[in-house]
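A short write-up of the structure that comes next.
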């Protein structure tokens, strides 16, 4: 007779021991009772009997390789080679024939509808730049890079239209996501120590939560009864590389290729724990250790705008077309301008202001781990792992080091991850697993210059001068987890249930620009001197509005000035904004996989998550008061020690349901829906802890008769005491713990006292921040439908995936932006001349008003590696992602894009107008990876060379083809009375032909210095507001698309078998030659996107490297 064993391995977040269930039936689909299925691994064996309905169960098996045999009445057979149980939710079908044959067909995944599973071999052999496994996640359909959200320099991924902070990462089930800011830690984990990467997205079961739009679990390698390992060295050098499109020749670098040296080296080793004379751990206790070092000095090409010699002498030829202003240069500004390098590329992206050079960026990391597995019995297993990762560098702002190396901001992080897990198979139908884990990250961004103020330019006039201005940003995150999971198989049901406790104990340091920050341009400043024009028709007199940022800079008259100052009884210097953050979270889930029939499977479950609001044990928190009591002047009160900082949200239910229908033996139809709870990112605590009165941000904004001169002081070293609205000192005891909850601070009195201590005695409305009292959890709604078809060696998937992000966090500005007038700043008080004399200045409030939608057609194809030597995986995504904000933070040039990316709305009071494509909306994405055994030993004319030379050659590749990223065009000036947030947009008056296939390839808009003619900035219009009597532009957000990206990386590998060891196994020496961007395609970044700025519409950097070549040797034993 003939029987078929259908074996389903459940998908689990912990991914330790997993249940393996199946059905034994004959060729006609009838159940085969009283049959035996046996699996074995080494000296360990398990057996299960099929019941009356043909079902059999192994309650707990470790992922790995097993020998499988089946015994049914009249037939006994063993599968010809070991099979791998990956723990990815796939179904294995065994066909047992009466003549003793056993064949295997692998079915579709039983649970999550997206993602991918990659073996350790694939991870370690594919060409990965920096040997960073996270690059492989981009091979999955629906996964894009989210550079807009990577505020902590971790790699972040936008999965199915959700922000990068919604991607969750784990190692051996222990959370390895950055506790503060999100993103993957240990992404540089030694790939030779990876057993498997399990990535899930789309519809996911209830056991996966924590706001996961995507869940990636890295299974680390364990030891075996034999000692195995590797030792490797990877080398890269500028001598092997092609030049970048923007590399410029200089006496220092005549080849135009910046210096580049990279070394990656390390080892792995695993085996049984044997202590001679003390302990023999074969078949019982195993170890696995690994280390990987990374050393790199990279010369990055920087193209920036700097002052010309004529501009340094006071000549302004851009303020008025055809005319020249002779501007008296303030001597203090002249000294700062002299620190800028002179332009060296007059034909470059910024015209005569272009300076191109190489900035050296050094990175050092040391990453290690120790893992021990102990098999207590065939039913019980104990596992422990400790991992560390010490990273110093790279410099996060290399463009600043082109001005002064001291302006660089380094990235330093010491990451730790540890897990202790126990799993036990209590009975053939019941298994359990328990674990405790710990994750620590310490991302910090120390600045070199703690003295010079920042000079910033709202219209992008020049590269900022000391952009960081001594800012202090650091977070030390500690996450403790305790988890318990159960699996119970009963009849046609596979139940899973579990609970988790997560405890965060973090410390943050936060102070922006304690050196002081001046902004020129972006708003109206007023002249302190007379300025003459060559024509005599554009003369400027004292008190007149200045026409551009250059005249403001040369006369030392800024639009705004702000500084971060901390009271003496709180942390100072590099500890400014010091606060300790506590948060506790609890979750539980129950799910069932119900086999309704031989063809129909129902997966359903419910997850509940709840977390406490962020709290500070020393009560160093504050919040804004927007809902005023009767008789209280708006903006006159501030809440100290708000209790709670925001309300506890108990609505954390997340139902999941999905159905699978096996239409034929090879075709499966799936559909599902889910709701996932999005929990708060802890770094948002800075809106509670990093504001007045613990860190004070007084801000001056230029107004008629009130110019802001460079060098002026608006905050004394000794800040005034803080009083309640009842006249009592808030910190009389100098112990913030004793401040009662919800204490009201008298803002007006504090601002008057601050003005009395300041040299100019000018009242400066305070910049304040907070979290909305009704702030709550967000949600992701997911709905999918798909079809999967399998052939003998290939699989094709076709799916529709839709998601909605509901109540997403975003920053709102209920009091307008800096410089907002009386009609737009309800919490600021003004005198009759429109000058601010009290109340709040700019208010930054985190709310839940944002929303997103995503719709996608996702396709993927896989071909197993067969005798032909060819295997591949490919995916294609056609998608549309729409939102009104793609991240909480913004206002910076993201990654290699070259364009400013803002997350704030143009009109802070009508945010719906900002609805548009997400920053990570890539409409077309095609990726693939392939393996090809070259079979050189079979080529007739090569056979005389012998198998030592001709054997073991492989060709591997990864290809990526993406359509362009969206970007927004900004005006670069203040258009309305709502103030200047850098978000004003123009009207579009023409349609540019966007292309990089023209004589000047970097001229993306096509008209060179006339690119601004496609737009009009609506100033001095009827009904206009603000100092320029303007209105908001009609141009939408993210209405343009940047250049497409095309990249192919390739590796040529030669494995040479060495002499056999005493144990009979032969070591292998592997040579690798890897070619990144092998065809040296130029992938341009986004163009400069500020209309009034230099080089508008032109591209100044690439979105990837030129061709780079890497060589390596690896000993595998």
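Residue numbers (this note's numbering): 6 to 1122. Backbone N, C-alpha and C define an ideal beta-carbon position, used for all residues, glycine too.
Reduced DSSP secondary structure (H/G/I, E/B, other) of residue i
{"i": "residue 677", "result": "strand"}
{"i": "residue 688", "result": "helix"}
{"i": "residue 948", "result": "helix"}
{"i": "residue 1033", "result": "coil"}
{"i": "residue 756", "result": "helix"}
{"i": "residue 615", "result": "strand"}
{"i": "residue 130", "result": "helix"}
{"i": "residue 157", "result": "With a pLDDT of 48 at residue 157, under the threshold of 50, the predicted position of this residue should be treated as unreliable, though the coordinate-derived value follows. Three-state result, residue 157: coil."}
{"i": "residue 405", "result": "helix"}
{"i": "residue 645", "result": "strand"}
{"i": "residue 227", "result": "coil"}
Neighbourhood of residue i by C-beta, 8 Å cutoff - its chain only, sequence neighbours within 5 removed
{"i": "residue 214", "result": "592, 594, 612, 614, 659, 681, 682"}
{"i": "residue 136", "result": "193, 195, 196, 239, 269, 297"}
{"i": "residue 33", "result": "Low per-residue confidence applies at residue 33: pLDDT is 49, beneath 50, and the placement is therefore not dependable enough to give any value."}
{"i": "residue 970", "result": "902, 924, 925, 926, 927, 1046, 1047, 1091"}
Limits of the unbroken beta strand (DSSP E) element including residue i
{"i": "residue 962", "result": "958 to 967"}
{"i": "residue 705", "result": "702 to 706"}
{"i": "residue 202", "result": "199 to 206"}
{"i": "residue 595", "result": "584 to 600"}
{"i": "residue 776", "result": "771 to 776"}
{"i": "residue 667", "result": "658 to 667"}
{"i": "residue 460", "result": "459 to 462"}
For residue j and residue i, the rounded distance between their alpha carbons
{"i": "residue 1156", "j": "residue 891", "result": "The requested residue 1156 does not occur in the structure, where the chain is confined to residues 6 to 1122."}
{"i": "residue 698", "j": "residue 586", "result": "18 Å"}
{"i": "residue 370", "j": "residue 1035", "result": "51 Å"}
{"i": "residue 437", "j": "residue 501", "result": "10 Å"}
{"i": "residue 1074", "j": "residue 1121", "result": "6 Å"}
{"i": "residue 982", "j": "residue 993", "result": "21 Å"}
{"i": "residue 485", "j": "residue 392", "result": "15 Å"}
{"i": "residue 462", "j": "residue 909", "result": "18 Å"}
{"i": "residue 551", "j": "residue 342", "result": "19 Å"}
{"i": "residue 350", "j": "residue 340", "result": "23 Å"}
{"i": "residue 1050", "j": "residue 1001", "result": "12 Å"}
{"i": "residue 772", "j": "residue 621", "result": "21 Å"}
{"i": "residue 76", "j": "residue 676", "result": "35 Å"}
{"i": "residue 419", "j": "residue 977", "result": "39 Å"}
{"i": "residue 281", "j": "residue 292", "result": "15 Å"}
{"i": "residue 1128", "j": "residue 865", "result": "With the chain represented from 6 up to 1122, any question about residue 1128 goes unanswered, as that position is not in the structure."}
Residues bridged to residue i [DSSP beta-bridge criterion]
{"i": "residue 574", "result": "In the DSSP output, where bridge partners are listed per residue, residue 574 has none listed."}
{"i": "residue 813", "result": "855"}
{"i": "residue 425", "result": "389, 441"}
{"i": "residue 364", "result": "305"}
{"i": "residue 262", "result": "Beta-bridge pairing links residue 262 to no other residue."}
{"i": "residue 750", "result": "643, 729"}
{"i": "residue 1061", "result": "1074"}
{"i": "residue 1123", "result": "Lying before the first or after the last residue shown, residue 1123 is absent from the chain, which here runs from 6 to 1122."}
Short CB-CB distance (under 8 Å) between residue i and chain B
{"i": "residue 163", "result": "Included in the structure is just one protein chain, with no chain B present."}
Range of the contiguous alpha helix (DSSP H) that encloses residue i
{"i": "residue 556", "result": "554 to 559"}
{"i": "residue 1154", "result": "Missing from the structure shown is residue 1154; the chain here goes from 6 to 1122 and no further."}
{"i": "residue 317", "result": "314 to 317"}
{"i": "residue 894", "result": "Unbroken run through residue 894: none, as it is neither H nor E."}
{"i": "residue 916", "result": "Per DSSP, residue 916 belongs to no alpha helix (DSSP H) and is neither H nor E."}
{"i": "residue 338", "result": "336 to 342"}
Sequence-distant residues of the same chain with beta carbon closer than 6 Å to residue i, five excluded per side
{"i": "residue 874", "result": "937, 938, 940"}
{"i": "residue 955", "result": "941, 942, 947"}
{"i": "residue 388", "result": "378, 426"}
{"i": "residue 173", "result": "182, 215, 217, 220"}
{"i": "residue 368", "result": "301, 398, 399"}
7 Å CB neighbourhood of residue i in its chain, flanking five on each side removed
{"i": "residue 257", "result": "With a pLDDT of only 48 at residue 257, under the threshold of 50, the placement of this residue in the model should not be trusted; the figure read from the coordinates follows. Excluding residues within five positions, none has a Cβ falling inside 7 Å."}
Near the ligand FMN: residue i beta-carbon under 7 Å from a heavy atom
{"i": "residue 523", "result": "Only the bare structure without any ligand can be found here, which leaves the ligand FMN out of the picture."}
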